[in-house]
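First comes the structure, then the notes that go with it.
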Amino acid sequence: MLSYVLQRLCHGLLVLWGVSVIVFLLMHLSGDPATVLLPLDTPPEEVEAFRHKMGLDRPLPIQYLLFVSRMVRGDFGYSYHYRTDALEIVLQRLPATLRLAAAALSFSLILALPAGAIAALKKDSFLDVAVRVLVLIGQAVPGFWLALMLMMLFSVRLRWLPVSGYTGWRSLILPAVTAGSFSMASIARLLRSGLLEVLGKDYILTARAKGLSSAQVLTRHALKNAAIPAVSMIAIQTGWLLGGSVIAEVIFAYPGLGYLAVNSIGYRDLPVIQCFVTVMAAMVVVVNLVVDLVYAWLDPRIRLYQNDH
Amino acid sequence: MITSQERTGGKELLPGRPMNPGGMIGLLIVGCVLLLSLLAPWISPHDPELQDINRRLQPPTWPDHPLGTDGLGRDILSRILHGARISSGISLSAAVLSGVVGVSLGLFAGYFGGIPDSLLSRIADIQQAVPFMVLAIGVAAVAGAGLLNLVLVLSVTTWVNYFRVVRAEVLAAREEQYVWAARAVGCSSVRIIFRHILPNVVASIIVVATLLIANMMIFEASLSFLGLGVPPGTPTWGRLVSDGREYVTSAWWISFFPGMAIFITVMGINLIGDWLRESLDPRSS
């Protein structure tokens, strides 16, 4: 188990290193980073001085090493718009985004788990068909449009929920529904098909034959096995949830990372954007690591026979 | 006579399974959308760019403006019909581009294995650690909005989907007898990959592509909605929804109908994708 943990840890570090390359290259995508970082009407000699000061006149590999050594120390540069350390601003907004992502994940799990389980247990019943239609809708509805429609209905017409900003837990509801709807549909669908596959296995027949009730079969035998694909799905969903929360944050003016990043594009505030990309990717890496470990705990085959990965 | 299917021992795309009702509805929806977008210039009731200040913010009225008009008095139905061309064009070209990259790399990595395979697989891992929206924001910040950038961002973030599926299938196919036989008669690697393995992977590629096109439509619309996708003034469906943002309190129809267009189209594509996937893999139904 220890070697498995170490292997996953190294893998996570490798991915983070790759992300640092992406973030670095992002800066050079436009050709000359100085033109992106400085205001458009900067005089040429000031541009030159800036290039020298930031090391932009040195060879790319050296620049990359400088960039990484600063990044490791948490130095992403200075935000031009907020006039302070870029990492500081990003970390300030991080809790709000985590809160939203947690709310969105809870929303999707609370609906998806019972829906998926009922649909599998009562296959082809009315409930199953209802769940399948819901899944179909959830996977096709564009998040930003759902957000606008929810806002029109619940905030503007009915005045039940706040339109935008953050004024307590009620402000979380609509953004969480927006960001979580796609994940809800995917998880419900996966749990249903996972359970259906497990429920056809011989050991389930044995459990039924020895007289266990449906509930016992489900909780003692089926769920743990069906949970494996669903748990791996959560790793994939993290990206969706974070992406979905960006959109929800912008529409509801929710003070999180996504709102900050989209605004920073307008200000051409590259240090904040770079820091945002890195922090988001780091979150995905951490979630993946945790999921890999949970996965191995659920399924001993993975930690014992890991060589095929 | 031996058909190529038999020679390579392949599975058919739809091995004699009857069409399910979902797939039928999906084909119908997508067919209608494609037809309407092709015919857009002839069937649109108005010029999509024609502004009429006297008729701004008109609610849906038959037969003049069946879906209403926007803040500049432009006819929403006409704009949706014209927007269909751009939205589906972007999604299709991005799906093809990322498919070409992902499939070739997947074939290469799966067939040759070894260091190139580990390297490409690690790159795929790294790529997946950066969520689509996040990378798109990064690129938009540096390179700016634009059609080409949009297609590139969509392709860069989705090639992994093809790569993983194709690589896994090639890994399995590499040990099949027909590949051994081809090797024994002295076929070159290139010939084996393209003549013998590729036809067997095509079915999976089509499923991935179908489901990806649906996602691409949503991605494209989301980015255009945020103002990070197509240039301002281009009537893609995402843009049309965002046109209605400032009228959320007064004119619901501006955002509602373009969003419905996205929703219905994506659902149609997903239905086709599910049907294809089920016919290929009966277990996943």
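Sequences listed follow chains A and B, in order. For the first sequence, my numbering begins at 1 and goes up steadily by one. For the second sequence, my numbering begins at 1001 and goes up steadily by one. Quick reminder that beta carbons are idealized off the backbone N, C-alpha and C, glycines included. Since the structure is predicted, the reported quantities are computational estimates derived from the model, not experimental observations.
Item: Going by beta carbon distance, what residues of the same chain come within less than 6 Å of A/T77, once the five residues before and after it are set aside?; Value: In the sequence on display, residue 77 of chain A carries Gly and not Thr. The residues are A86 and P271.
Item: Between B/M1024 and chain A, is any beta-carbon pair separated by less than 8 Å?; Value: no
Item: Could you tell me which of B/Y1178, B/I1218, B/A1184 and B/R1183 sits nearest to B/P1199, measuring between CA atoms?; Value: B/Y1178
Item: What residues from the region 1117–1145 of chain B come within 9 Å of chain A, judged by C-beta to C-beta, listed N to C?; Value: R1122, I1123, D1125, I1126, Q1127, Q1128, A1129, V1130, P1131, F1132, M1133, V1134, L1135, A1136, I1137, G1138, V1139, A1140, A1141, V1142, A1143 and G1144
Item: Are the C-beta atoms of A/V156 and some chain B residue less than 8 Å apart?; Value: yes
Item: For A/V72, which residues in chain B fall below 8 Å Cβ to Cβ?; Value: Ordered by position in chain B, no residue passes the 8 Å Cβ test against A/V72, which lies about 17 Å from the chain.
Item: What span of residues does the alpha helix (DSSP H) with A/P271 cover, start to end?; Value: L270 to L298
Item: In chain order, which continuous runs of the alpha helix (DSSP H) of length 4 or greater are located wholly inside the region 1071–1129 of chain B?; Value: 1076–1112 and 1114–1129
Item: Pull up the distance between the alpha-carbon of B/G1022 and that of A/G138, whole angstroms please.; Value: 16 Å
Item: What residues of chain B sit near A/G168, judged by a beta carbon separation below 9 Å?; Value: Here the premise fails: no neighbours, minimum Cβ distance about 22 Å.
Item: Please report the distance separating the alpha-carbon of A/T97 from that of B/R1174.; Value: 45 Å
Item: Indicate whether at least one CB of chain B lies closer than 8 Å to the CB of A/I204.; Value: no
Item: In this structure, does DSSP put B/E1012 in helix, strand or coil?; Value: Per-residue confidence for B/E1012 stands at a pLDDT of 46, beneath the threshold of 50, marking its modelled position as unreliable; the derived number appears in the next sentence. In the structure shown, B/E1012 sits in coil (DSSP, three-state: anything other than H, G, I, E or B).
Item: Just to confirm, is the Cβ distance from B/S1093 to B/P1048 under 8 Å?; Value: no
Item: Could you say which of B/G1233, B/L1152, B/Q1058 and B/G1083 lies nearest to B/V1139 if we only look at CA atoms?; Value: B/L1152
Item: Could you tell me which residues DSSP puts in a beta bridge with A/H81?; Value: Partner(s): none; A/H81 has no beta bridge.
Item: Apart from the five residues on each side of it in sequence, which residues of its chain come closer than 6 Å, Cβ to Cβ, to A/Y259?; Value: E249 and V250
Item: Against B/W1252, what residues of chain A qualify as contacts under a CB-to-CB distance less than 7 Å, listed in chain order?; Value: M152
Item: Grouping DSSP H, G and I as helix and E and B as strand, with all else coil, what is B/H1065?; Value: strand
Item: Whole-angstrom Cβ separation of B/G1238 and B/A1221, contact assumed at under 8 Å?; Value: 3 Å
Item: At a CB-CB cut-off below 9 Å, which residues of chain A make contact with B/M1287?; Value: Look at the range of chain B in this structure, 1001 to 1285, and you will see that residue 1287 of chain B is not part of it.
Item: Which same chain residues end up closer than 7 Å to B/D1274 when comparing Cβ atoms and leaving out the 5 residues on each side of it in sequence?; Value: G1022
Item: Taking the alpha-carbon of B/G1227 as reference, which of A/G266, A/G211 and A/M184 has the nearest alpha-carbon?; Value: A/G266
Item: For chain B, find out if any of its Cβ atoms is closer than 8 Å to the Cβ of A/G256; answer yes or no.; Value: no
Item: Compare the Cα-Cα distances from A/H221 to each of A/I236, A/S232 and A/L205 and report the closest residue.; Value: A/L205
Item: Are the Cβ atoms of B/A1095 and B/A1209 separated by less than 8 Å?; Value: yes
Item: Quick one: measure Cβ to Cβ for B/W1159 and B/G1113, integer angstroms, because I've assumed they're closer than 8 Å.; Value: That belief does not hold up - the Cβ atoms of B/W1159 and B/G1113 are roughly 19 Å apart, past 8 Å.
Item: Hey, out of B/D1125, B/I1080 and B/V1185, whose CA is closest to B/A1261's CA?; Value: B/I1080
Item: If we call anything under 8 Å between Cβ atoms a contact, is A/A117 one with A/L195?; Value: yes
Item: What does a CB cutoff of less than 8 Å around A/Q216 pick up in its chain, not counting 5 residues either side in sequence?; Value: A207
Item: Rounded to whole angstroms, what's the CA-CA distance from A/L127 to A/Y254? Just pull it up for me.; Value: 35 Å
Item: Taking 8 Å as the cut-off, does the region 187–203 of chain A touch the region 155–166 of chain A (at least 3 CB pairs, one atom from each stretch)?; Value: no
Item: In the structure shown, what three-state DSSP assignment does B/L1050 receive?; Value: coil
Item: Could you confirm whether any beta carbon from chain B is found closer than 8 Å to the beta carbon of A/L9?; Value: no
Item: Indicate whether at least one CB of chain A lies closer than 8 Å to the CB of B/R1245.; Value: yes
Item: For B/I1205, I'd like the list of residues in its chain whose CB is within less than 8 Å of its CB, leaving aside the five on either flank, ordered along the chain.; Value: G1099, V1103, Y1162, V1165 and V1166
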